[in-house]
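Undergrad: Mind the numbering: the sequence shown is residues 1 to 221 in UniProt numbering, read in order. Beta carbons are placed, not taken as given, at the ideal position from N, Cα and C, and that holds for glycine.
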Amino acid sequence: MFRGVTIEREYGCGAGTIAAQLADRLGWKLWDHLLTEEIARLANVAPAAVMRCDERMDSRIHRLAKAFWRGSYERSSPLGGEVFDTDRMMVLMQEIMNRIAQEGNAVVVGRGAPYFLRDDADVFHVFLYAPRAEKIRRLVNDGHAPTEADDLVDAVDRERVAYIKHYFNSDWPTRSLYHLMLNTAVGNESVIQTILSTMRTVEGSPKATNYEAPRIPTPSR
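Below is the structure:
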């Protein structure tokens, strides 16, 4: 019996709204913005600090500086173990994903969830995408200017590609990871109905994976 759903997505395809509606339909907890809030609570930082690290790599300057200080004797550096960055966020994300897997009844949006939970047979994995014009249409409806929407469609997914490659050594999207890949241009309700129907059809079926454990870096001490 499935006890969880992960929703990976292309930026702008409407996955956030679809995930919220799916969670409501199932009566399950939605882990989307709640993930940001929980990481901020555990790290004792502002949610804005978490959002800056969300599904993206730290800047090259930050990574070079961090590598330098790891190899030096200057342990009092501001780039020491207490700094909040994507490495630290990933450690906390692993902790939260373990808890989500134990509790069940959850719909989790992005943040590498299908990679963290890929070995859980009771989690159903979905990838949502859409044609470029559909993504821009949805973003414009959400209040973005057309030129901004056009830029975001490329920029955000490019960051997700780098994020997944670095932390999970996988391509994005890893198609074999998902039970279902859907084009959201067919409409939110059609997507939700297809997810629910497919979950009922394949429920309980084992899902084989050949992935190595994710490379979650340990924060410097």
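Determine whether the beta carbon atoms of V5 and L30 lie at a separation below 8 angstroms.
TA: Cβ atoms of V5 and L30: not closer than 8 angstroms.
Undergrad: Nearest-angstrom Cα distance between I7 and G110?
TA: Those two C-alpha atoms are separated by around 6 angstroms.
Undergrad: Could you name the residues of the same chain whose beta carbon sits closer than 6 angstroms to that of E148, not counting the 5 residues immediately before and after it, in chain order?
TA: So the list is empty, once near-sequence residues are dropped.
Undergrad: Should L182 and T194 be called a contact, given that it needs their Cβ atoms to be closer than 8 angstroms?
TA: Closer than 8 angstroms, so yes.
Undergrad: On the DSSP bridge assignment, give the partners of V109 in chain order.
TA: Beta-bridge pairing links V109 to I7.
Undergrad: Residues in its own chain within less than 8 angstroms of L152 by CB, not counting five upstream and five downstream?
TA: These residues qualify, in order along the chain: Y11, G12, L139, H144.
Undergrad: Check whether the stretch 93-108 touches the stretch 117-129, taking contact to mean three or more Cβ pairs, one atom from each stretch, closer than 8 angstroms.
TA: Contact between the stretch 93-108 and the stretch 117-129 is present, because at least three Cβ pairs lie under 8 angstroms.
Undergrad: I need the DSSP call for M181, collapsed to helix, strand or coil.
TA: Looking at M181 - three-state DSSP - the assignment turns out to be strand.
Undergrad: Measure the C-alpha to C-alpha separation of G14 and I136 and round it to an integer number of angstroms.
TA: Taking the straight line from one Cα to the other gives about 10 angstroms.
Undergrad: From the DSSP output, which residues share a beta bridge with V126?
TA: Answer is I7, L180, bridged to V126.
Undergrad: Measure the Cβ-Cβ separation of F116 and M89 and say whether it is below 8 angstroms.
TA: Cβ distance not < 8 angstroms, so F116 and M89 don't count as in contact.
Undergrad: Looking at the strands, I want to know which residues DSSP matches up with L30.
TA: Partner(s): V107.
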